[in-house]
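**Q** Structure incoming, see below.
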Amino acid sequence: MKEEKSRKRKRFKHVKSQNKHKPSPSNNATQIHKEPEPENPSSSKKPKSSSFLDKMRARLSGGHFRMLNEKLYTCTGEEALNYFKEDPSLFDMYHSGYQEQMSHWPEQPVNIIINWLKDRSSLVVADFGCGDARLAKNVKNKVFSFDLVSKDPSVIACDMSNTPLDASSVDVAVFCLSLMGTNFPSYLQEAHRVLKPNGWLLIAEVKSRFDPNTGGADPNKFSKAVTDLGFASMLKDFSNKMFILLYFRKKEKQSSKRKEIEWPELKPCLYKRR
Ligand code: SAH
41 MKEEKSRKRK
51 RFKHVKSQNK
61 HKPSPSNNAT
71 QIHKEPEPEN
81 PSSSKKPKSS
91 SFLDKMRARL
101 SGGHFRMLNE
111 KLYTCTGEEA
121 LNYFKEDPSL
131 FDMYHSGYQE
141 QMSHWPEQPV
151 NIIINWLKDR
161 SSLVVADFGC
171 GDARLAKNVK
181 NKVFSFDLVS
191 KDPSVIACDM
201 SNTPLDASSV
211 DVAVFCLSLM
221 GTNFPSYLQE
231 AHRVLKPNGW
241 LLIAEVKSRF
251 DPNTGGADPN
261 KFSKAVTDLG
271 FASMLKDFSN
281 KMFILLYFRK
291 KEKQSSKRKE
301 IEWPELKPCL
311 YKRR
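Just so we're aligned, residue 41 is where the sequence shown starts under our numbering, counting upward by one.
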């Protein structure tokens, strides 16, 4: 019990110091959406009103969300897995902040993928970084859902660079806003392993991560790297304001020469306060 308490204390110390030394927003990271500023207490007649406290609470949890979000974009999948293993409640904190941010998006990329699967219900799907398994819950397909923490009995907790699926066992691999770790190429490598020949790879990512004008990756370079991994590019959809969608299919025959793949860096997507 004592040990548990001291571990928790340490964690909060860590959270504090991380916030203090938070990299400046200008360091090559995408910034989207902001949270409301709390009212200035001095301008209120009742400074300790519940609405003021609610706003302070929202601000605090917004800060925790941003810290966790940045952590996920700047560490490996294995580090992220260990981080959440130590305190799974941080995962809930991350996801409530994530849902808050997503509620401002006019369209959710996961819904586009759900629609795409509607006419293809016989395909077996692997959802890499499934979050609350919304995809699995809204399609008829057989779906294997993976995330760092399992918040639903259907979700398998693992680092998605290393899933328990057999090689060539699924028809569709989905990454919906989940290419977060610094080792993201190893997630795509794992998708390639588990996909059947001609299987689909669907990637939805935050648009600004792929905007070279603001320090993002060149989508063509990213696409070229994915094709070098053994995929053919089928469709690039840039029509949405907030995210891009890339559709690939696993090549039937893999090239015999193994070449070094040049992956562009994918900058973190950081969320600002407003
Ligand atoms: N795909 C869902 C959730 C996106 S949030 C949706 O569209 O709603 C991104 C998710 O990817 C988070 O839940 C995060 O925990 C997960 N994730 C990031 N890196 C991961 C890894 N290495 N292994 C498993 N899940 C990972």
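C-beta atoms are modelled at their ideal positions from N, C-alpha and C, and glycine is treated no differently.
Since the structure is predicted, the reported quantities are computational estimates derived from the model, not experimental observations.
1) Closest to residue 294 by C-alpha separation, out of 218, 238, 283 and 274, would be which residue?
2) CA-CA distance, residue 62 and residue 312?
3) So, with DSSP's three-state summary, where would you put residue 67?
4) Between the alpha carbons of residue 288 and residue 277, how many angstroms are there, rounded?
5) Can you give the Cα-Cα distance for residue 92 and residue 257, rounded to whole angstroms?
6) Going by the beta-carbon positions, is the gap between residue 240 and residue 211 smaller than 8 Å?
7) Any chance the region 171–180 sits against the region 220–228, with 3 or more Cβ pairs inside 8 Å?
8) Ordered along the chain, which non-local residues of its own chain (more than five positions away) have a Cβ less than 8 Å from that of residue 234?
9) Does any heavy atom of the ligand SAH sit closer than 7 Å to the C-beta of residue 138?
10) Per DSSP, which one or two residues make a beta bridge with residue 167?
11) To the nearest angstrom, report how far apart residue 81 and residue 100 are at their CA atoms.
**A** The short version:
1) For the purposes of this step, residue 294 is taken as residue 254 along the sequence shown, with counting starting at 1. For residue 294, the closest alpha carbon among the candidates 218, 238, 283 and 274 is that of 238.
2) Counting from one through the sequence shown, the residue named residue 62 turns up at place 22. Counting from one through the sequence shown, the residue named residue 312 turns up at place 272. Annotation note: pLDDT 37 at residue 62 (below 50); position unreliable, coordinate value reported separately. Distance between the alpha carbons of residue 62 and residue 312: 12 Å.
3) Position 27 of the sequence shown, counted from the first residue, corresponds to residue 67. Since pLDDT at residue 67 reaches only 48, below the 50 mark, its modelled position is unreliable, and the value read off the structure follows with that caveat. Per DSSP, reduced to three states, the secondary structure at residue 67 is coil, with no helix or strand assignment.
4) Position 248 of the sequence shown, counted from the start, is the residue given in the question as residue 288. Position 237 of the sequence shown, counted from the start, is the residue given in the question as residue 277. Residue 288 and residue 277 have their C-alpha atoms roughly 12 Å apart.
5) Sequence index remark: in the sequence shown, residue 92 carries index 52 (1-based). Sequence index remark: in the sequence shown, residue 257 carries index 217 (1-based). So the alpha carbons of these two residues sit roughly 41 Å apart.
6) Reading the sequence shown from its first residue, position 200 is the one you call residue 240. Reading the sequence shown from its first residue, position 171 is the one you call residue 211. In this structure, the beta-carbon distance from residue 240 to residue 211 falls below 8 Å.
7) Too few Cβ pairs lie closer than 8 Å, so no.
8) By one-based count along the sequence shown, residue 234 stands at place 194. 166, 203, 205, 206, 207, 208, 209, 210 and 213.
9) For the purposes of this step, residue 138 is identified with residue 98 of the sequence shown, where counting begins at 1. Yes.
10) As a working note, residue 167 is residue 127 in the sequence shown. Paired residues: 185 and 214.
11) Here residue 81 refers to the residue found at position 41 when the sequence shown is read from its first residue. Here residue 100 refers to the residue found at position 60 when the sequence shown is read from its first residue. In this prediction, residue 81 scores a pLDDT of 39, lower than 50, which makes its location untrustworthy; the coordinate-derived value is nonetheless stated afterwards. Using only the alpha carbons, I get a separation of about 16 Å.
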